[in-house]
Amino acid sequence: MDTTCEVCHGHAPADHYLCPACQHTALVWLRELPHQVTLLRTMLQPENGPARRGGVGRAHAPLPVRLEVLDLIGPGHAHVVYDPHGDQTGGVPVGAFLTGWAHYIACDVPAVHRDEHGTVQILQSRAATAWPRTGTGLTAWRTWHERYLPYVATRPYAAHFHNELEGLVHRLRRLNHTKPVVRAKNAPCPKCAGWSLVEHEDQLHISCTLCPARLTPEQYDAHRATVMPQLAALALRMAVPLRKEAA
Ligand SMILES: [Zn+2]
Ligand SMILES: [Zn+2]
Numbered sequence: 004m005d006t007t008c009e010v011c012h013g014h015a016p017a018d019h020y021l022c023p024a025c026q027h028t029a030l031v032w033l034r035e036l037p038h039q040v041t042l043l044r045t046m047l048q049p050e051n052g053p054a055r056r057g058g059v060g061r062a063h064a065p066l067p068v069r070l071e072v073l074d075l076i077g078p079g080h081a082h083v084v085y086d087p088h089g090d091q092t093g094g095v096p097v098g099a100f101l102t103g104w105a106h107y108i109a110c111d112v113p114a115v116h117r118d119e120h121g122t123v124q125i126l127q128s129r130a131a132t133a134w135p136r137t138g139t140g141l142t143a144w145r146t147w148h149e150r151y152l153p154y155v156a157t158r159p160y161a162a163h164f165h166n167e168l169e170g171l172v173h174r175l176r177r178l179n180h181t182k183p184v185v186r187a188k189n190a191p192c193p194k195c196a197g198w199s200l201v202e203h204e205d206q207l208h209i210s211c212t213l214c215p216a217r218l219t220p221e222q223y224d225a226h227r228a229t230v231m232p233q234l235a236a237l238a239l240r241m242a243v244p245l246r247k248e249a250a
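Sequential numbering of the sequence shown, starting at 4, is according to my numbering.
This is the structure we're talking about:
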């Protein structure tokens, strides 16, 4: 029986805690991590301002690194510390997030797992399997998570993983001043007819900025293939009388 996605409350396949759209978003976020970390490394040192004479004195020498950046790319614990008073500055660093979750997931993976298509997948044996095949760099860990994401989507902690990943990516984007690319689509919305369909880089669906319409890329392509020739024919019919009047 189909279920509800625990992140967006949309329709999820049987025995899944994440819908395909939220799985897609998590995948895009995972793929974004190495690029964001590369950007962040360039921001580790504070910008050196011009030397000032006789200015306001400092009690301490300025720190040679930016702490909010070090928080994200340095060592740390895998799970966000319970922080009822908001005293903690950072959160989970990228490396600790990836390795911590990989070890947690690996301990949970059974030796044999049936995927969403019903195919039996023989996975590595239980526990001590959270090691990427291609080294232990950030990209290797990210690839490990990409492989296991379809399994994570079937586990009760899927929404927790998704939320933590979202928090991490948003912190990285804030520090790096980056935003996911949004592209305007070249067809009217099938629901409200506005020229208001947009494609977000990290979302599966093409959505309308004026109404709740959401289309998969395939639905959009089919819609565009139907509606655009009709609009072109209409524009031509309107143009012909105008040309006759002008003649
Ligand atoms: Zn969802
Ligand atoms: Zn619309």
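Where a beta carbon is used, it is the ideal one built from N, C-alpha and C, also for glycine.
Tell me whether residue i counts as near ligand 1, meaning its Cβ is closer than 6 Å to at least one heavy atom of that ligand.
i: A161; result: no
i: V10; result: yes
i: A236; result: no
i: C211; result: no
i: A24; result: yes
i: G170; result: no
i: A140; result: Before going on, a small fix: residue 140 reads as Gly here, not Ala. No.
i: G13; result: yes
At the level of alpha carbons, what is the spacing between residue i and residue j?
i: G89; j: V31; result: Only weak support is given to the placement of G89: the predicted model assigns it a pLDDT of 47, under 50, and the value that follows is read from those uncertain coordinates. Cα-Cα distance, rounded: 29 Å.
i: M46; j: A17; result: 44 Å
i: G197; j: L213; result: 7 Å
i: G13; j: V40; result: 31 Å
i: A21; j: T229; result: For the sequence presented, residue 21 should be read as Leu rather than Ala. Straight-line Cα distance between these residues: approximately 32 Å.
i: C110; j: L200; result: 43 Å
i: V95; j: E202; result: 30 Å
i: T7; j: T142; result: 31 Å
i: T102; j: A24; result: 25 Å
i: L171; j: H208; result: 22 Å
i: W147; j: G140; result: 11 Å
i: Q222; j: S210; result: 11 Å
i: L75; j: T181; result: 16 Å
i: D224; j: L73; result: 44 Å
i: L175; j: L43; result: 8 Å
i: A131; j: F164; result: For A131, the predicted structure reports a pLDDT of 41, less than 50, and the residue's modelled location is therefore unreliable. A value from the coordinates is still provided. When rounded, the distance between both Cα atoms is 20 Å.
i: L234; j: R240; result: 10 Å
i: A216; j: R150; result: 31 Å
For ligand 2, is there any heavy atom lying closer than 6 Å to the beta carbon of residue i?
i: G197; result: yes
i: K194; result: yes
i: A216; result: yes
Decide if residue i is buried, meaning its Cβ has at least 16 other Cβ atoms within 10 Å, or exposed.
i: T28; result: buried
i: G98; result: buried
i: A238; result: exposed
i: Q26; result: buried
i: H226; result: buried
i: L218; result: buried
i: A161; result: buried
i: V10; result: buried
i: V243; result: exposed
i: H19; result: buried
i: E167; result: buried
i: L70; result: exposed
i: R145; result: buried
i: A236; result: exposed
Could you check what DSSP says for residue i in three-state terms: helix, strand or coil?
i: V243; result: helix
i: C211; result: strand
i: T181; result: coil
i: V201; result: strand
i: L218; result: strand
i: R158; result: coil
i: P87; result: Reliability fails at P87, whose pLDDT of 49 lies under 50, so the model's placement of it is uncertain and the value that follows must be treated cautiously. It is coil, neither helix nor strand.
i: T28; result: helix
i: H14; result: strand
i: R227; result: helix
i: S128; result: Reliability of the predicted coordinates at S128 is poor, the pLDDT of 49 falling under 50, and no value is obtained from them.
i: R69; result: coil
i: A187; result: strand
i: T6; result: strand
i: A196; result: coil
Q. Should the segment 147-155 be called in touch with the segment 187-203, which here means at least 3 C-beta pairs below 8 Å?
A. no
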